[in-house]
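If you number the sequence shown the way the numbering used here does, the last residue is 407 and the count never jumps. Worksheet: the structure to be examined is printed underneath.
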Amino acid sequence: MTPAPSPTPAVTWADRFAPRRWLGPVTLLGPAGVWLLVLLVLPTLLILEISLVPGLRLGQPSGGYGLGNYLQILQPVYLRVIGRSVAFAVGSTALCLLLGFPVAYWLALMSPQRWRNLLLVAFILPLWTSSLLRAYAWTTILRPSGVLNGMLTAIGLPAQNWLNTPTAVFIGLTYSFLPYMVLILYASLEKLDTRLLEAAADLGATPRQSFWKITVPQTLPGIAAASLLVFISTLSDFVVPTLLGGASSMNISRLIYNQFLGPTRAWGFGSALSMVLILAVSLAIALLIRYGDRNTVTET
Numbered sequence: 108m109t110p111a112p113s114p115t116p117a118v119t120w121a122d123r124f125a126p127r128r129w130l131g132p133v134t135l136l137g138p139a140g141v142w143l144l145v146l147l148v149l150p151t152l153l154i155l156e157i158s159l160v161p162g163l164r165l166g167q168p169s170g171g172y173g174l175g176n177y178l179q180i181l182q183p184v185y186l187r188v189i190g191r192s193v194a195f196a197v198g199s200t201a202l203c204l205l206l207g208f209p210v211a212y213w214l215a216l217m218s219p220q221r222w223r224n225l226l227l228v229a230f231i232l233p234l235w236t237s238s239l240l241r242a243y244a245w246t247t248i249l250r251p252s253g254v255l256n257g258m259l260t261a262i263g264l265p266a267q268n269w270l271n272t273p274t275a276v277f278i279g280l281t282y283s284f285l286p287y288m289v290l291i292l293y294a295s296l297e298k299l300d301t302r303l304l305e306a307a308a309d310l311g312a313t314p315r316q317s318f319w320k321i322t323v324p325q326t327l328p329g330i331a332a333a334s335l336l337v338f339i340s341t342l343s344d345f346v347v348p349t350l351l352g353g354a355s356s357m358n359i360s361r362l363i364y365n366q367f368l369g370p371t372r373a374w375g376f377g378s379a380l381s382m383v384l385i386l387a388v389s390l391a392i393a394l395l396i397r398y399g400d401r402n403t404v405t406e407t
């Protein structure tokens, strides 16, 4: 006869919290945890504390805690800046999606297999240069005497004055973050089950029907991940609106910069704006984790 298996010993409270069970994970996570605590958690808590001091300015004594800085954000002039920042982020994300999806689709499903990796590297090549350098390049292209107007006048078209306008900001943001959109969409489309497309074609589905009923549903997590990532990046971008937008394209990042390093030095109000931006980015990251394709983001 086969002997009966011995019962599994019960895990006691002392065994659960024994040093040998938690010492290893703590040792591995300790350096990264200290790094995040010192460079992320503590500075964020300091910004939160400063934001709760109404009217705090550099070199002036504080007058206690309150919500005055956050109530100041509700003024129409600052709400317009926040709305403009969101509009820049949403518009550039939509442009990146419209321009990036066909490119990612062609790279993942239609490009020659032997040239695919080379084409992908060629498309993301601009990411190897500084974002500041790329923004300065666009100022050279869009200025009144720049490359764009030189080409337009050469073919008999009127010159355009796009520099220091919201149009230049949309162009710069779309150019800067389009490779990120393509990378994530490419990773998602590469895993597309093409057998479903073939089955749909055999059953008489048109290419448009196959696209909306098969391709889009299968790649929707990748689309969400790419869109949220580009939205987060463009919402907090500082370089492009500063160099290409001018005074008419003030966004929340430039407004925060002015509060800390401008003539007013209103650190309390700048900290409140920073906390609003941190909250918005954290909410977008939570949506990315909840609805985005985390495997796709990790792969790219």
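A virtual CB, placed ideally from N, CA and C, is assigned to each residue, including glycine.
In this structure, the CA atom of Leu-181 is about 21 Å from the CA atom of Ala-354. In this structure Ala-139 is exposed. Its beta-carbon is surrounded by fewer than 16 other beta-carbon atoms within 10 angstroms. With 16 or more neighbouring CB atoms inside 10 Å of its own CB, Thr-326 falls in the buried class. For Val-210 against Val-337, the beta-carbon gap comes to about 14 Å, at or over 8 Å, which does not count as contact. Secondary structure remark: continuous alpha helix (DSSP H) runs of at least 4 residues inside the segment 274–322, in chain order: 301–309 and 314–317.
In this structure, the CA atom of Gly-375 is about 15 Å from the CA atom of Tyr-185.
For the segment 145–212, the full-length alpha helix (DSSP H) segments reaching 4 residues or more read 149–158, 175–180 and 183–212 along the chain. Only residues of its own chain outside the window of five on either side were considered, and among them Cys-203, Leu-206 and Gly-207 have a CB closer than 7 Å to the CB of Leu-285, listed in chain order. Cα atoms of Asp-300 and Ala-308: separation of roughly 14 Å, rounded to the nearest angstrom. In the structure shown, the three-state DSSP call for Met-357 is coil.
By the Cβ neighbour-count rule, Trp-245 is buried, with 16 or more other Cβ atoms within 10 Å of its own. In the structure shown, Gly-257 falls within a helical segment according to DSSP collapsed to helix, strand and coil. Cα atoms of Thr-200 and Leu-178: separation of roughly 30 Å, rounded to the nearest angstrom.
Here DSSP, grouped into helix, strand and coil, assigns Arg-397 to helix.
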